[in-house]
Structures are given as structure tokens and as C-alpha cells.
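Peer 1: Here it is, the structure, as C-alpha cells.
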Amino acid sequence: MISFKSFVTAIHEALISASDSLMDKNVSILDKYFIETSTPGPVSAKNTLIPKTVILEYPHLTADGKIESLEVAVPLITLVPLTMSQIEKATFIADFEMDIIDGELQLNFSNSRVGTGFFKKKPKVAKLEITLAPQETPEGLKLLVEGYEAILKRQIS
């Protein structure tokens, strides 16, 4: 048996942990699309993130009408859709027995079969349903990507 309070606390902590894992995964965008460099400073080194880029040859029309290849540094973060996830909803459905012991509600999720023959109780079952939904891209990340896109446009204009 488990107290109802402990049960709710355990479910809550599990959801917070799952949400934190998703947040960590979302933050990993920095590791995926940026490189960390150290800049020596007077007191301690500062960490700077610079975008991972690829050099692409881009066709460019010259003033005299000829097509030339122009090398363009393209930040990888401008080439991919940025999708982040969050837990939108969690539903826990379970069969259980309950009782009040010492003034506290207790839940029993026992899977044991009780009785004999035809009168055996069915094992307890539970269902956990978690809905993940796309999270809106944070404004700071949108502005950052838009800035890199603007630099990219200036390179190919």
C-alpha cells in the first residue's frame, strides 16, 4: 500500500523529471549548432559560442550578366526547422483499492490474484498517457536565427 499523498508526490516528481529531460534536450540545440571557444581574459577565460557553419557555393549574377560562384558561410542553425517539445498533458488511469488507515487515505495497486477457480480477481492494471506537444520557439532563439538569416541574405544579395 502507498499513501495517496506519496502517490501524488511520486507522479508529480516523475512529471517534473520528464519535463526537465525535455528541457535539457531543447537546450542541447546550443551544442548541436554552436561551438564553444575560450577567450583568455584578465581574470578568467570567457566561454563564447560561435555558430557551426558550412561553406556553400552560391551562384551569383555579376553586373555584366555573368554567373559566378560565390562562397557563402551558412550557419547550420538557419538550415533546419527548430522544433522543441513540452509535456502538454499527462493522464494516469489505474485500478486500485483504497482504505483509510490512521486517518490517511491509502491506495493498493496489488497485482495478486485472490480467491480460487472462477472467483479469482483480475490483476490490477494501469494506463499512463503522456501527450507531448510542440513548444513555441522562444523569442530569443527566433531573434538569433533571424539575425543569422539576415547576415546570410546580405552575403547572397
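Okay, so the sequence shown: first residue is 3 according to the numbering used here, each after it adds one.
Glycine residues also receive a C-beta, built at the ideal position from the N, C-alpha and C atoms.
Buried or exposed: Pro77, going by 16 or more other Cβ atoms within 10 Å of its Cβ?
Peer 2: It counts as buried.
Peer 1: Looking only at C-alpha atoms, which of Tyr60, Thr85, His14 and Leu72 sits nearest to Val29?
Peer 2: Out of Tyr60, Thr85, His14 and Leu72, Thr85 has the C-alpha closest to the C-alpha of Val29.
Peer 1: Ignoring anything shorter than 3 residues, give me the beta strand (DSSP E) runs that lie fully in the stretch 9-47, in order along the chain.
Peer 2: If we require 3 residues or more, the beta strand (DSSP E) runs fully inside the stretch 9-47 come out as 36-41.
Peer 1: Is it the case that the Cβ atoms of Glu106 and Ser5 are separated by a distance below 7 Å?
Peer 2: Contact flag set, yes.
Peer 1: Do the stretch 3-20 and the stretch 57-71 meet, that is, are 3 or more Cβ pairs less than 8 Å apart?
Peer 2: No, because fewer than three Cβ pairs between the stretch 3-20 and the stretch 57-71 fall closer than 8 Å, the two stretches do not touch.
Peer 1: Of the choices Thr50, Lys27 and Val82, whose alpha-carbon is the least far from that of Phe36?
Peer 2: Of the listed residues, the one whose Cα sits closest to Phe36 is Thr50.
Peer 1: Can you tell me the Cα-Cα spacing of Ser40 and Leu109, whole angstroms?
Peer 2: Looking at the two C-alpha atoms, the distance is approximately 55 Å.
Peer 1: For the ligand GTP, I want to know if Ser5 counts as a neighbour, meaning its beta carbon is within less than 6 Å of at least one of the ligand's heavy atoms.
Peer 2: You won't find the ligand GTP in this model; it holds no ligand whatsoever.
Peer 1: Quick one: residues in its chain with C-beta nearer than 6 Å to the C-beta of Gln157, no 5 flanking neighbours on either side, listed in chain order?
Peer 2: Val74, listed in sequence order.
Peer 1: To the nearest angstrom, how far is it from the Cα of Lys155 to the Cα of Leu72?
Peer 2: The alpha-carbon atoms of Lys155 and Leu72 are separated by roughly 13 Å.
Peer 1: Do Thr139 and Glu90 come within 7 Å of each other at the CB atom, strictly closer than that value?
Peer 2: Contact flag unset, no.
Peer 1: Can you name, in chain order, every residue of its own chain whose Cβ lies under 7 Å from the Cβ of Thr55, other than the five neighbours on each side?
Peer 2: Closer than 7 Å at the Cβ level, and outside the excluded window around Thr55, lie Ala75, Val76, Pro77 and Leu78.
Peer 1: Please state the DSSP three-state secondary structure of Ser111.
Peer 2: Looking at the sequence provided, one finds Phe at residue 111 rather than Ser. Coil at Phe111, not helix or strand.
Peer 1: One question on the structure: do Ala92 and Leu24 come within less than 7 Å of each other, judged by their Cβ atoms?
Peer 2: No, they are not a contact pair.
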